[in-house]
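Chemist:
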Amino acid sequence: MTWRYLRLCLKYYILSPPIWGWAIGFMMFWLLLGYIDIGSFIKNVSKYIPSREALTDAALAYTAAWFGSVAIVALSSASVSLCKRLFAASMSIRYLTKYSKLRAHSIYLQNVVGFLVLCLFISSIMLATTVTLYSKGFSIPMIPKNVWGLYLTIIATGLLYYSFSETLSNLVLVLRKPKAETLISYLPLILSIGLIYSAINVDLGYVNIVSPFNAATILMIHYYTGKNPPISAYASLNPRTVSPVLPWISLIAWIIAFSLASIAMIKKQRGVSIEELATESY
Amino acid sequence: MPIEFRDVYAGYRRREYVLKGVTCELAPGTLLLGPNGAGKTTMFRTILGLTPVAKGTLLIDGKSVDEISGACGVASANLGEVWRILPATVDDLAKLYIDAVGGDYDLFRSIIETFKADRLLGKKLSRLSAGERRIALNALALSLRTRYVLLDEPFENLDPRARAAMLKLVLENSSRIIMNTHATWLLDKLSGWRVLLVVGGKVFGPIEAAKLLNLGIVEGVAEDALLVLNLDDRKVSLVEGRGTPLSRMDSLDRLYEVFLT
């Protein structure tokens with residue numbers, strides 16, 4: 001198996017302007033907004049939380065909520081690029097699996113690994129930015145309580161977005177609706193923003209577990225704070241919590257469901273003509 | 283064993299076939315000649331597995347195209363969709379595909395140098411002019427050194443100097459190339475090639491390239507017709523010694539002008 005394809009995938013991601021612009025630059029801007037808001041957060045909560053220890057917990061929860069939501073939206077931005085790329089490459093993959101030593105599973109594996117590396121790269125930048133800014137803002141170190149758990153969640157979230165993107169790009173081919181490609185590619189981002197930003201201030205209850213994007217977010221908050229995942233508004237002072245097992249089950253179930261759907265659609269899709277494939281950036 | 287189409291119907295939409303019962307054999311040194319939209323490129327796409335065969339059988343070296351997998355060194359093409367795995371530079375694509383399919387990177391570089399086109403190596407295909415893109419795609423396809431190199435309109439958008447250099451390259455590699463075009467200006471350069479005429483999703487022929495030059499086109503079904511072509515709902519005949527000489531047409535798209543004269 002040749003790994004040159006993986007190296008090229010990584011090179012493409014690292015040099016991709018949409019990744020740097022939207023998934024990294026724009027999301028760092030959102031983290032900056034959270035940092036700017038720290039002053040008013042301290043002013044509001046200090047009225048209700050007199051002890052310094054409780055205030056530290058609240059600060060960590062605030063930081064974790066910002067990191068969790070921004071990291072997930074950043075990964076969903078990356079998945080928009082992935083979705084477009086998988087759609088545009090659909091014909092080449094058909095050729096290569098027939099007439100080269102690259103097998104379908106090898107291309108699939110290298111695509112997954114490449115995207116996971118990208119997710120870890122983006123999340124690490126978000127984490128470093130969060131720790132630096134929010135530690136300065138609260139004047140206490142805002143280090144995640146369980147970094148390994150956090151990275152495990154990031155890897156699972158990467159798998160979720162990969163399988164979702166693969167499903168969506170193949171859905172365009174199966175439905176033979178190439179003109180809907182742009183709208184469908186943005187679904188991961190639209191759903192993530194809608195569901196996660198709603199959950200910050202609104203009590204979505206068990207939607208936080210059923211929705212894979214929210215399940216991933218509350219797991220990140222869980223590993224960042226060391227407390228059970230919140231299922232009411234993330235930004236509230238005493239959110240209702242659940243066991244981390246439930247969001248894990250949800251996340252894994254969605255990954256399996258999207259993976260099976262994408263494999264079924266890969267087998268079913270019969271391609272579209274080159275005239276119908278998007279050509280931008282190729 | 284060549285590439286064999288047996289009553290092949292192919293297309294992207296149900297019951298809207300581009301190829302409508304194609305039966306023919308393609309071997310290196312074959313030229314598919316036909317007007318735009320006739321189905322020439324779709325024949326190539328079908329061979330490459332990009333367009334599904336809806337009905338009939340397509341055999342590549344005796345094996346059904348649907349069953350082919352991991353067949354390195356069998357087929358390559360200068361079709362853009364083959365090279366869209368990533369929006370990478372031309373040089374990166376060459377290295378990736380030569381690594382995966384097999385081929386010769388030195389040959390790729392020497393073809394690029396023939397056209398004095400080193401500048402395009404560091405660019406993405408989308409950033410190239412139409413002529414540069416054609417040179418890059420032809421070089422990529424030829425450098426894979428496959429048994430069948432499918433060249434789709436390899437002279438399109440090339441300036442006269444590049445066109446001459448490309449023709450030389452095609453002739454040097456004619457034992458591997460199956461080519462399609464709607465241009466007829468090159469017929470006299472391809473003596474020894476066999477020509478299949480592709481019109482309206484059907485294939486007619488074969489006929490020798492040298493012989494084709496002496497033929498004329500007349501409307502209707504002529505008694506002495508060597509070949510009768512269906513153009514939409516009308517017919518034209520290829521005949522010897524009369525009619526509009528095929529050699530005078532720069533492009534087979536002008537076939538339809540027969541009805542205007």
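So the protein lines, in turn, are chains E and U. Numbering-wise, the first sequence is residues 1 to 282 according to the working numbering. Numbering-wise, the second sequence is residues 283 to 543 according to the working numbering. The beta carbon of each residue, even a glycine, is placed where N, CA and C say it ideally should be.
Just verifying my parser: in three-state terms, what is the DSSP assignment at Ile-367(U)?
Modeler: Along the second sequence, read from residue 1 onward, the residue named residue 367(U) stands at position 85. Coil.
Chemist: With Ile-499(U) as the anchor, note down where its beta strand (DSSP E) starts and where it stops.
Modeler: Counting from one through the second sequence, the residue named residue 499(U) turns up at place 217. First-last of the beta strand (DSSP E) with Ile-499(U): 497 to 501.
Chemist: Would you call the CB atoms of Ser-163(E) and Ser-92(E) closer than 8 Å?
Modeler: Position 163 of the first sequence, counting from 1, holds the residue named residue 163(E). Position 92 of the first sequence, counting from 1, holds the residue named residue 92(E). Against a cut-off of 8 Å, the Cβ pair of Ser-92(E) and Ser-163(E) comes out as no contact.
Chemist: Throw me the rounded Cβ distance for the Leu-422(U) and Tyr-379(U) pair, which I believe falls under 8 Å.
Modeler: Stepping through the second sequence from its first residue, residue 422(U) is reached at position 140. Stepping through the second sequence from its first residue, residue 379(U) is reached at position 97. Right, their Cβ atoms sit about 7 Å apart.
Chemist: Going along the chain, which residues of its own chain have a beta-carbon closer than 6 Å to the beta-carbon of Thr-543(U), five neighbours each way excluded?
Modeler: Taking the first residue of the second sequence as position 1, residue 543(U) is located at position 261. Its pLDDT being 48, under 50, Thr-543(U) is placed unreliably by the model, and the measurement read from it follows with that caveat. Closer than 6 Å at Cβ, skipping near neighbours: no residue.
Chemist: Out of Val-335(U), Trp-365(U), Pro-334(U), Lys-450(U), which one is the CA nearest neighbour of Lys-397(U)?
Modeler: Within the second sequence, numbered from 1, the residue matching residue 397(U) stands at position 115. Just to set this straight, residue 397(U) is Phe in the shown sequence, not Lys. Looking at the Cα atoms, Lys-450(U) is the closest of the given residues.
Chemist: Quick one: is Ala-353(U) buried, meaning 16 or more other Cβ sit within 10 Å of its Cβ, or exposed?
Modeler: Mapped onto the second sequence, residue 353(U) falls at position 71. That one is buried.
Chemist: Between Tyr-151(E) and Thr-157(E), what straight-line distance do the alpha-carbon atoms span, to the nearest angstrom?
Modeler: Taking the first sequence and counting its residues from 1, one reaches residue 151(E) at position 151. Taking the first sequence and counting its residues from 1, one reaches residue 157(E) at position 157. Their backbone Cα atoms lie some 10 Å apart in a straight line.
Chemist: What is the residue span of the alpha helix (DSSP H) that Val-245(E) lies within?
Modeler: As a working mapping, residue 245(E) is identified with position 245 in the first sequence. 245 to 268 is the extent of the alpha helix (DSSP H) around Val-245(E).
Chemist: Beta-carbon of Leu-116(E) versus every beta-carbon of chain U: anything under 8 Å?
Modeler: Position 116 of the first sequence, counted from the first residue, corresponds to residue 116(E). Chain U contact via Cβ: absent.
Chemist: So which of Leu-479(U), Gly-525(U), Arg-288(U) has the shortest CA-CA distance to Thr-341(U)?
Modeler: On the second sequence, position 59 is the one that residue 341(U) refers to. With the sequence shown as reference, residue 341(U) is identified as Leu, and Thr is not the correct amino acid for it. The candidate whose alpha carbon is nearest that of Leu-341(U) is Arg-288(U).
Chemist: So, is the C-beta of Ala-320(U) closer than 8 Å to a C-beta in chain E?
Modeler: The count along the second sequence starts at 1 and reaches residue 320(U) at position 38. No, because no Cβ of chain E sits closer than 8 Å to the Cβ of Ala-320(U).
Chemist: Which residues share a DSSP beta bridge with Ala-291(U)?
Modeler: For the purposes of this step, residue 291(U) is taken as residue 9 along the second sequence, with counting starting at 1. In the sequence under discussion, the amino acid at residue 291(U) is Tyr, which differs from the Ala named in the question. Paired residues: Lys-302(U), Lys-337(U).
Chemist: Under 7 Å Cβ to Cβ from Tyr-294(U), same chain only, skipping five residues before and after it: list those, please.
Modeler: By one-based count along the second sequence, residue 294(U) stands at place 12. So the list reads Thr-333, once near-sequence residues are dropped.
Chemist: Within 8 Å (strictly less), CB to CB, does Leu-469(U) reach chain E?
Modeler: Within the second sequence, numbered from 1, the residue matching residue 469(U) stands at position 187. No, Leu-469(U) lies away from the interface with chain E (no Cβ there is under 8 Å from its Cβ).
Chemist: Would a C-beta distance cut-off of 8 Å place Ala-507(U) and Leu-495(U) closer than the cut-off?
Modeler: Taking the first residue of the second sequence as 1, we reach residue 507(U) at position 225. Taking the first residue of the second sequence as 1, we reach residue 495(U) at position 213. It is not a contact, given that the beta carbons lie outside the stated cut-off.
Chemist: Which residue wins for smallest C-alpha separation from Leu-410(U), given the options Met-448(U), Tyr-387(U), Val-383(U), Ala-370(U)?
Modeler: Your numbering for residue 410(U) matches position 128 in the second sequence. Of Met-448(U), Tyr-387(U), Val-383(U), Ala-370(U), the residue nearest in Cα terms is Ala-370(U).
Chemist: Just mark Thr-328(U) as buried or exposed, buried being the case when its beta carbon has 16 or more other beta carbons within 10 Å.
Modeler: To locate residue 328(U), count along the second sequence from 1; it is residue 46. It is buried - the Cβ of Thr-328(U) has at least 16 other Cβ atoms within 10 Å.
Chemist: Under 8 Å, CB to CB, which of the residues in the stretch 79 to 93 of chain E have a partner in chain U?
Modeler: The residues in question are Arg-85, Ala-88, Ala-89, Met-91, Ser-92, Ile-93.
Chemist: Excluding sequence positions up to five away, which residues of its chain have a Cβ less than 7 Å from the Cβ of Lys-322(U)?
Modeler: Position 40 of the second sequence, counted from the start, is the residue given in the question as residue 322(U). Within the same chain, Lys-322(U) has close Cβ partners Leu-314, Gly-316, Asn-462, Val-480.
Chemist: Near Thr-428(U), which residues of its chain fall below 8 Å by C-beta distance, leaving aside the five closest residues on each side in sequence?
Modeler: The sequence position of residue 428(U) within the second sequence is 146, counting from 1. The answer, listed in chain order, is Gly-355, Val-356, Ala-357, Ser-358, Val-383, Gly-384, Gly-385, Arg-458.
Chemist: Starting from Asn-44(E), follow its DSSP beta bridges and name the residues at the other end.
Modeler: Within the first sequence, numbered from 1, the residue matching residue 44(E) stands at position 44. In DSSP, Asn-44(E) forms no bridge with anything.
Chemist: Within this structure, are the beta carbons of Phe-67(E) and Leu-127(E) separated by less than 8 Å?
Modeler: Mapped onto the first sequence, residue 67(E) falls at position 67. Mapped onto the first sequence, residue 127(E) falls at position 127. Yes, the Cβ-Cβ distance between Phe-67(E) and Leu-127(E) is below 8 Å.
Chemist: Does any CB atom of chain E fall closer than 8 Å to the CB of Ile-367(U)?
Modeler: For the purposes of this step, residue 367(U) is identified with residue 85 of the second sequence, where counting begins at 1. Ile-367(U) counts as touching chain E.
Chemist: Could you check which residue in Val-117(E), Lys-43(E), Thr-167(E) has the C-alpha nearest to that of Ile-14(E)?
Modeler: The residue given as residue 14(E) occupies position 14 in the first sequence. Ranking Val-117(E), Lys-43(E), Thr-167(E) by Cα distance to Ile-14(E) puts Val-117(E) first.
Chemist: What are the residues of the stretch 168 to 185 of chain E that lie near chain U, defined by any Cβ-Cβ distance shorter than 9 Å?
Modeler: Those would be Arg-176, in chain order.
Chemist: If you draw a straight line from the C-alpha of Ala-89(E) to the C-alpha of Ile-196(E), how long is it?
Modeler: Taking the first sequence and counting its residues from 1, the one referred to as residue 89(E) is at position 89. Taking the first sequence and counting its residues from 1, the one referred to as residue 196(E) is at position 196. One C-alpha to the other measures close to 30 Å.
Chemist: Run the CB neighbour count on Glu-505(U), radius 10 Å, all protein chains shown included, and call it buried at 16 or more, exposed below.
Modeler: Walking along the second sequence from the start, residue 505(U) turns up at place 223. With fewer than 16 Cβ atoms within 10 Å of its Cβ, Glu-505(U) is classed as exposed.
Chemist: Do you know how far the Cα of Leu-204(E) is from the Cα of Phe-115(E)?
Modeler: Start at 1 with the first residue of the first sequence, and residue 115(E) comes out as number 115. Start at 1 with the first residue of the first sequence, and residue 204(E) comes out as number 204. Their Cα atoms are separated by approximately 30 Å.
Chemist: Which residues, in chain order, does the stretch 377 to 391 of chain U contribute to contact with chain E at a C-beta distance below 7 Å?
Modeler: The residues in question are Lys-377, Leu-378, Asp-381, Ala-382, Val-383.
Chemist: Would you tell me roughly how many angstroms separate the C-alpha atoms of Ser-267(E) and Ala-104(E), rounded to the nearest one?
Modeler: Within the first sequence, residue 267(E) is the residue found at index 267, counting from 1. Within the first sequence, residue 104(E) is the residue found at index 104, counting from 1. One point to set straight first is that residue 267(E) is Lys, not Ser, in the sequence displayed. Distance between the alpha carbons of Lys-267(E) and Ala-104(E): 11 Å.
Chemist: Using a cut-off of 7 Å between C-beta atoms, extract the partners of Tyr-12(E) located in chain U.
Modeler: What you label residue 12(E) is simply residue 12 of the first sequence in a count that begins at 1. By Cβ distance, chain U contributes Leu-368, Pro-369, Ala-370.
Chemist: Who does Thr-312(U) pair with in a DSSP beta bridge?
Modeler: Residue numbering aside, residue 312(U) sits at position 30 when the second sequence is read from its first letter. Its beta-bridge partners are Ile-460(U), Arg-476(U).
Chemist: Per DSSP, what kind of secondary structure is Gly-25(E) in: helix, strand or coil?
Modeler: Residue numbering aside, residue 25(E) sits at position 25 when the first sequence is read from its first letter. In this structure, Gly-25(E) counts as helix in the three-state DSSP scheme.
Chemist: Would you call the stretch 186 to 193 of chain E and the stretch 33 to 48 of chain E in contact, with 3 or more CB pairs under 8 Å?
Modeler: Result no; under three Cβ-Cβ pairs closer than 8 Å.
Chemist: Going by DSSP, what residue range makes up the beta strand (DSSP E) through Gly-331(U)?
Modeler: Counted from its first residue, the second sequence places residue 331(U) at position 49. Unbroken run through Gly-331(U): none, as it is neither H nor E.
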